[in-house]
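Student: Protein sequence lines correspond, in order, to chains A and B.
So the numbering used here is basically just the index in the first sequence, starting at one, shifted up by 1.
So the numbering used here is basically just the index in the second sequence, starting at one, shifted up by 46.
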Amino acid sequence: MYELFYTWLLPTSLAGAVAALLGGALTPLLKRLSWRGQRRALGCITGFFLLPVGPLLALAPGLKRSTGLEPVGQALEQAAQAAVHTVNISTQPVMTAPLAQPVEPVQPQLAGQLLAVLPWLWALGAVLFTLWQLVGYWRFCRALRRMRGPLSEAEQSLLRRVSLESGHIAPPKAWVCPGMSTPLLAGVLRPVLYLPQGMDEQALELALRHELAHLNSGDLWGKAALRLACRVHWFNPLCHWQAARMERLCELACDEAAVRGLNTEQRKAYGRVLLAAAAGPLPAGASGMSAGPENLKARLFALFEQRKANRRQMLAAAAGVLAAVCLTACAAAGLSAGVSAEPESLAANGLEQLSFLQQQSQPATREAVPAPMPEPEEKPALAEGQASVQWVREEQSVAGEYEYEQDESLADGQYVIERSAADGLDEVSGWAFYDEQDILMDYQEVDRITLQAPVKGIVRYNGDLNLVRSAVESSEAGQQNAADSETQVSLIWPVPGYTYVSRWMSDYHKGADVIAPSGTQVCAMAAGTVTAAGYHYSYGNYVIIDHEGGVRTLYSHLNDLNVGADTQVKQGAVIGTVGSTGNSTGNHCHVEIYVNGERRSLREWFPEY
Amino acid sequence: MRLSEAELEIMEQIWKLGRPVTAAELAGPLQQKGWKPTTLLTFLARMAAKGALEVEKRGKQNVYTACVSSEQYRAAEAQELLTKLYSGSVKSMVAALYDGKALSGDQLDELRDWLETR
Numbered sequence: 002m003y004e005l006f007y008t009w010l011l012p013t014s015l016a017g018a019v020a021a022l023l024g025g026a027l028t029p030l031l032k033r034l035s036w037r038g039q040r041r042a043l044g045c046i047t048g049f050f051l052l053p054v055g056p057l058l059a060l061a062p063g064l065k066r067s068t069g070l071e072p073v074g075q076a077l078e079q080a081a082q083a084a085v086h087t088v089n090i091s092t093q094p095v096m097t098a099p100l101a102q103p104v105e106p107v108q109p110q111l112a113g114q115l116l117a118v119l120p121w122l123w124a125l126g127a128v129l130f131t132l133w134q135l136v137g138y139w140r141f142c143r144a145l146r147r148m149r150g151p152l153s154e155a156e157q158s159l160l161r162r163v164s165l166e167s168g169h170i171a172p173p174k175a176w177v178c179p180g181m182s183t184p185l186l187a188g189v190l191r192p193v194l195y196l197p198q199g200m201d202e203q204a205l206e207l208a209l210r211h212e213l214a215h216l217n218s219g220d221l222w223g224k225a226a227l228r229l230a231c232r233v234h235w236f237n238p239l240c241h242w243q244a245a246r247m248e249r250l251c252e253l254a255c256d257e258a259a260v261r262g263l264n265t266e267q268r269k270a271y272g273r274v275l276l277a278a279a280a281g282p283l284p285a286g287a288s289g290m291s292a293g294p295e296n297l298k299a300r301l302f303a304l305f306e307q308r309k310a311n312r313r314q315m316l317a318a319a320a321g322v323l324a325a326v327c328l329t330a331c332a333a334a335g336l337s338a339g340v341s342a343e344p345e346s347l348a349a350n351g352l353e354q355l356s357f358l359q360q361q362s363q364p365a366t367r368e369a370v371p372a373p374m375p376e377p378e379e380k381p382a383l384a385e386g387q388a389s390v391q392w393v394r395e396e397q398s399v400a401g402e403y404e405y406e407q408d409e410s411l412a413d414g415q416y417v418i419e420r421s422a423a424d425g426l427d428e429v430s431g432w433a434f435y436d437e438q439d440i441l442m443d444y445q446e447v448d449r450i451t452l453q454a455p456v457k458g459i460v461r462y463n464g465d466l467n468l469v470r471s472a473v474e475s476s477e478a479g480q481q482n483a484a485d486s487e488t489q490v491s492l493i494w495p496v497p498g499y500t501y502v503s504r505w506m507s508d509y510h511k512g513a514d515v516i517a518p519s520g521t522q523v524c525a526m527a528a529g530t531v532t533a534a535g536y537h538y539s540y541g542n543y544v545i546i547d548h549e550g551g552v553r554t555l556y557s558h559l560n561d562l563n564v565g566a567d568t569q570v571k572q573g574a575v576i577g578t579v580g581s582t583g584n585s586t587g588n589h590c591h592v593e594i595y596v597n598g599e600r601r602s603l604r605e606w607f608p609e610y
Numbered sequence: 047m048r049l050s051e052a053e054l055e056i057m058e059q060i061w062k063l064g065r066p067v068t069a070a071e072l073a074g075p076l077q078q079k080g081w082k083p084t085t086l087l088t089f090l091a092r093m094a095a096k097g098a099l100e101v102e103k104r105g106k107q108n109v110y111t112a113c114v115s116s117e118q119y120r121a122a123e124a125q126e127l128l129t130k131l132y133s134g135s136v137k138s139m140v141a142a143l144y145d146g147k148a149l150s151g152d153q154l155d156e157l158r159d160w161l162e163t164r
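And the structure:
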């Protein structure tokens, strides 16, 4: 639904609006054309409302994206993602903890909610408008069917004659129906003509010429298409404007066809029939939208006008329409190129492809990890009972703490984990003092380097702090253990400063998309060896790290890389920063994880992110 | 003008006879309805008030003449029904000679004058 609305419908509607505006701008060029020519020209332009040109062009491979409309497209894409995200949040199951009652972790934002609701609002409107229209039409046709009667001999022969003159060998099915002032044509698949009762024969003939011209040019199909466009784009005023314009042109073109070959006196008679129809109650009247006297005046004027465009004017008009169509198509394509989400299918060959590309990749030069303090030349003095002293260096895990904030708006005993805590990692250097049996007697810390700062978790709660604390901490510990026991590797979240996860791994998407501002640090999820770091046409700047236990992680679309191939990285080492390189439309880090060659979802390790 | 079902039945008798009639003449064919003479007279008076009938005093008796023909009445009725159903949504799905707003007399006269000068 969201894809239909944001990547198909909205760009189509926008393209249609652009086309309609360009069509409006073309008016001076088209003015000299016959009405039929104008109807054709504008018909091409109206097609943009019904044919999703942009999204279709965007599907074509190798499309240049240089129209400058991508920001709009990206905005749409982000809107869709935000909408999906909001829905994901609100449909996530509520956590269960033994002692306290938590609620959903993040409150969906108002804008996100709005974006999530819009598509459904649109669908509801489209369905309701269509139903309303169909029911009205059905009731009207039923009434016509109930009251109709057969044609008289004279009417039948007249209809046969006029039909032949307008190129119909077999006249359409026709009935007489009381209560109307002029003939009326209804039905798309099997058009039926309803004639009024007791209309003057000459007037009837002229009116029939008009109706048969409608039939000849397939106007009922055209009107049906316009209706469809207006229902689908019911929120777009330019679509309604364009439809009204087309309908006006339709009538003018049919007048033109009806009076072709008639002399001035006959044209006058046609004008009188038109006026009589406008005075009569049906099918005149009833509609609130259509223009009144101005419209009729234009049609009367047109009856006596000779429209003959010369070659040059025709060419100019054709060129104008072509230019408008091309321009709109380009704009639409540019718009949708921005919208079309990363076609990860291009990257479907995944790691095999990458290992091939690895040879060409340029390793980055910067050091991944700050250098630990070298062993000082001078050793400290030994105290009594100590036999030796040694310089030791070790990694220490630093527990991520939770910060608890009281929130009165929550129910008693409820809590919300705003952000999960993550352990940090320090490299600690210092002197270790041993006795003669090599038993550690004392330790002096000299230097401490933070390899990975711990992430402070934030919990909002209401009620008994101790209960909440034990619930939060036991659930965190349980989670860690679950993931660890499966892979023997403890993973940390790769982008501590992330905003949200726009999508997780699925059949259509190979990894998790972690949204974060450009420049946010991306960290190694565990210690390991960088096996590849470089540029890929789809992944952009990427890093692959092999960890213990057959675990391999991939980080892509990075802005810049801090590591090169063969770099040894510690857990939490900053390997690069978030960007939007390669096949990407916004700043995010696309993360994939493989265990013994099998692709797995990051969600298994981080269910709460 | 809209006639009720009973009034329409009386009207149909008048149309069938095709001439000015008295209440007594109508009572015969409408006998099976079981109306009292006064009921019939009430209906006739009401129809006259609606403009469907014209009343003429002939001596002691009233003579009734139909003001509208059967065709006129049916056409008017059909028009009323169709107009009610002919909304903007229907308009956009059928093709007719003119389906804009009905014009006022002044506007029509102006356009008619213009047309005749061509």
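Note that CB positions come from ideal geometry on N, CA and C, so glycine has one too.
Near Met2/A, what residues of its chain come up, given a Cβ to Cβ distance below 8 Å and the 5 sequence neighbours on each side ignored?
Tutor: Locating residue 2/A in the first sequence gives position 1, where the first residue counts as 1. Cβ neighbours of Met2/A beyond the five flanking positions: Pro120, Trp121, Ala124.
Student: Just the chain B side, please: which residues come within less than 7 Å of Lys269/A by C-beta, in chain order?
Tutor: The residue labelled residue 269/A in the question sits at position 268 within the first sequence. Those are Leu161, Arg164, listed as they occur along chain B.
Student: Find the residues of chain B that neighbour Pro184/A, judging by a C-beta separation of less than 8 Å, and give them in chain order.
Tutor: Working through the first sequence from its first residue, we reach residue 184/A at position 183. Those within 8 Å of Pro184/A in chain B are Ala142, Leu143.
Student: Under 8 Å: do the segment 446-460 of chain A and the segment 421-438 of chain A share three or more Cβ pairs, one atom per stretch?
Tutor: At 8 Å Cβ cutoff, the stretches touch.
Student: Buried or exposed: where does Leu355/A fall if 16 or more other Cβ atoms within 10 Å of its Cβ makes it buried?
Tutor: Within the first sequence, residue 355/A is the residue found at index 354, counting from 1. Reliability fails at Leu355/A, whose pLDDT of 45 lies under 50, so the model's placement of it is uncertain and the value that follows must be treated cautiously. By the 10 Å Cβ count, Leu355/A comes out buried.
Student: At least one CB of chain B closer than 8 Å to the CB of Trp133/A: is that the case?
Tutor: Here residue 133/A refers to the residue found at position 132 of the first sequence. Output row for Trp133/A: interface = yes.
Student: Does the beta carbon of Pro294/A come closer than 8 Å to any beta carbon on chain B?
Tutor: Along the first sequence, read from residue 1 onward, the residue named residue 294/A stands at position 293. Closer than 8 Å: yes.
Student: With respect to the beta strand (DSSP E) encompassing Met442/A, which residues constitute its N-terminal and C-terminal limits?
Tutor: Position 441 of the first sequence holds residue 442/A. Per DSSP, Met442/A belongs to the beta strand (DSSP E) from 441-453.
Student: Determine, for Cys178/A, whether the minimum Cβ-Cβ distance to residues of chain B falls below 8 Å.
Tutor: Indexing the first sequence from 1 puts residue 178/A at position 177. With 8 Å as the cut-off, Cys178/A counts as an interface residue toward chain B.
Student: Between Ile56/B and Ala112/B, which are expected to be in contact by the criterion C-beta below 8 Å, what is the C-beta distance as a whole number of angstroms?
Tutor: Translated into the one-based positions of the second sequence, residue 56/B becomes position 10. Translated into the one-based positions of the second sequence, residue 112/B becomes position 66. Actually they do not touch by this definition, with Cβ atoms about 10 Å apart.
Student: In chain order, what are the residue ranges of uninterrupted alpha helix (DSSP H) at least 4 long that sit wholly in the segment 203-278 of chain A?
Tutor: The segment 203-278 of chain A contains these whole alpha helix (DSSP H) runs: 220-233, 238-259.
Student: List the residues of chain B whose Cβ lies closer than 8 Å to the Cβ of Ala278/A, in chain order.
Tutor: In the first sequence, the residue the question calls residue 278/A occupies position 277. Per Cβ cutoff of 8 Å: Ala142, Leu143, Tyr144.
Student: Taking the straight line between their C-alpha atoms, what separation do you get for Gln107/B and Glu71/B?
Tutor: Counted from its first residue, the second sequence places residue 107/B at position 61. Counted from its first residue, the second sequence places residue 71/B at position 25. If I take the Cα positions, the gap works out to 11 Å.
Student: Using DSSP with H/G/I as helix, E/B as strand and the rest coil, what is Arg149/A?
Tutor: In the first sequence, counting from the first residue as 1, residue 149/A sits at position 148. Looking at Arg149/A - three-state DSSP - the assignment turns out to be coil, as it is neither helix nor strand.
Student: Per DSSP, which residues does Tyr138/A bridge with? Please list them.
Tutor: As a first step, residue 138/A is located in the first sequence; it is residue number 137 there, counting from the start. Tyr138/A pairs with nothing; no bridge assigned.
Student: Please list the terminal residues of the continuous alpha helix (DSSP H) segment that includes Trp61/B.
Tutor: Against the second sequence, residue 61/B aligns to sequence position 15. Where Trp61/B is concerned, the enclosing alpha helix (DSSP H) stretches over 51-63.
Student: Could you tell me the distance, in whole angstroms, from the CA atom of Thr183/A to the CA atom of Glu53/B?
Tutor: Mapped onto the first sequence, residue 183/A falls at position 182. Mapped onto the second sequence, residue 53/B falls at position 7. Approximately 30 Å between the Cα atoms of the pair.
Student: Just to confirm my understanding: we take Ala484/A, look at its own chain, exclude 5 residues before and 5 after, and list those with CB closer than 6 Å. What are they?
Tutor: Reading the first sequence from its first residue, position 483 is the one you call residue 484/A. Model confidence at Ala484/A stands at a pLDDT of 48, short of 50, so the residue's coordinates are unreliable; what they give is reported in the following sentence. Cβ neighbours of Ala484/A beyond the five flanking positions: Trp606.
Student: So that I know if they touch, is there some Cβ in chain B lying closer than 8 Å to that of Lys174/A?
Tutor: Here residue 174/A corresponds to residue number 173 of the first sequence, with the count starting at 1. So no, Lys174/A is outside the interface.
Student: Between the segment 126-138 of chain B and the segment 147-163 of chain B, do at least 3 Cβ pairs fall closer than 8 Å?
Tutor: Short answer: they don't touch.
Student: For Pro197/A, which of helix, strand or coil comes out of DSSP?
Tutor: Residue 197/A sits at position 196 when you count from the first residue of the first sequence. Reduced to three states, the DSSP call for Pro197/A is strand.
Student: Any idea what DSSP makes of Ile594/A, helix, strand or coil?
Tutor: Here residue 594/A refers to the residue found at position 593 of the first sequence. Looking at Ile594/A - three-state DSSP - the assignment turns out to be strand.
Student: Among Leu60/A, Ile594/A, Val393/A, which residue has its Cα nearest to the Cα of Tyr556/A?
Tutor: The count along the first sequence starts at 1 and reaches residue 556/A at position 555. For the residues Leu60/A, Ile594/A, Val393/A, the minimum Cα distance to Tyr556/A belongs to Ile594/A.
Student: Comparing alpha-carbon positions, which option in Gln522/A, Leu562/A, Leu34/A, Ala259/A lies nearest Ala204/A?
Tutor: For the purposes of this step, residue 204/A is identified with residue 203 of the first sequence, where counting begins at 1. The option with the nearest alpha carbon to Ala204/A is Ala259/A.
Student: State the CB to CB distance for the pair Thr530/A and Gln569/A, rounded to an integer number of angstroms; the pair is presumed to be in contact (CB under 8 Å).
Tutor: Within the first sequence, numbered from 1, the residue matching residue 530/A stands at position 529. Within the first sequence, numbered from 1, the residue matching residue 569/A stands at position 568. Right, the Cβ-Cβ distance comes to about 6 Å (below 8 Å), so this counts as a contact.
Student: Distance, Cα to Cα, Ala462/A vs Gly401/A?
Tutor: Here the question's residue 462/A lines up with position 461 in the first sequence. Here the question's residue 401/A lines up with position 400 in the first sequence. First, the residue type needs correcting, since residue 462/A is Tyr and not Ala in the sequence shown. Going from the Cα of Tyr462/A to the Cα of Gly401/A covers about 18 Å.
Student: Rounded to a whole number of angstroms, what is the C-alpha to C-alpha distance between Met148/A and Pro284/A?
Tutor: Residue 148/A sits at position 147 when you count from the first residue of the first sequence. Residue 284/A sits at position 283 when you count from the first residue of the first sequence. Rounded to whole angstroms, Met148/A to Pro284/A spans 16 Å at the Cα level.
Student: With 8 Å set as the bound, which would you pick, yes or no: does the beta-carbon of Gly17/A sit closer than that to a beta-carbon of chain B?
Tutor: As a position in the first sequence, residue 17/A is number 16, starting the count at 1. Closer than 8 Å: no.
Student: Counting along the chain, where does the alpha helix (DSSP H) carrying Leu72/B start and finish?
Tutor: Translated into the one-based positions of the second sequence, residue 72/B becomes position 26. Counting along the chain, the alpha helix (DSSP H) containing Leu72/B begins and ends at 69-73.
Student: According to DSSP, is Leu99/B helix, strand or coil?
Tutor: For the purposes of this step, residue 99/B is identified with residue 53 of the second sequence, where counting begins at 1. Reduced to three states, the DSSP call for Leu99/B is strand.
Student: Suppose you measure from the CA of Gly458/A to the CA of Leu426/A; what does that come to, to the nearest Å?
Tutor: By one-based count along the first sequence, residue 458/A stands at place 457. By one-based count along the first sequence, residue 426/A stands at place 425. So the two alpha carbons sit approximately 16 Å from each other.
Student: Enumerated in chain order, which unbroken segments of the alpha helix (DSSP H) with a length of 4 residues or greater are wholly contained in the segment 390-437 of chain A?
Tutor: Complete alpha helix (DSSP H) runs here, min 4: none at all.
Student: What is the rounded straight-line gap between the Cα of Met442/A and the Cα of Tyr435/A?
Tutor: Here residue 442/A refers to the residue found at position 441 of the first sequence. Here residue 435/A refers to the residue found at position 434 of the first sequence. Rounded to whole angstroms, Met442/A to Tyr435/A spans 5 Å at the Cα level.
Student: Applying the 10 Å Cβ sphere with the 16-neighbour rule, what's the burial state of Ile440/A?
Tutor: Here residue 440/A refers to the residue found at position 439 of the first sequence. By the 10 Å Cβ count, Ile440/A comes out exposed.
Student: With H, G and I counted as helix, E and B as strand and the rest as coil, what does DSSP make of Met2/A?
Tutor: The count along the first sequence starts at 1 and reaches residue 2/A at position 1. Reduced to three states, the DSSP call for Met2/A is coil.
Student: Just reading off the alpha helix (DSSP H) that Gln18/B is part of, what are its end residues?
Tutor: There is simply no residue 18/B to check, as chain B begins at 47 and stops at 164 in what is shown.
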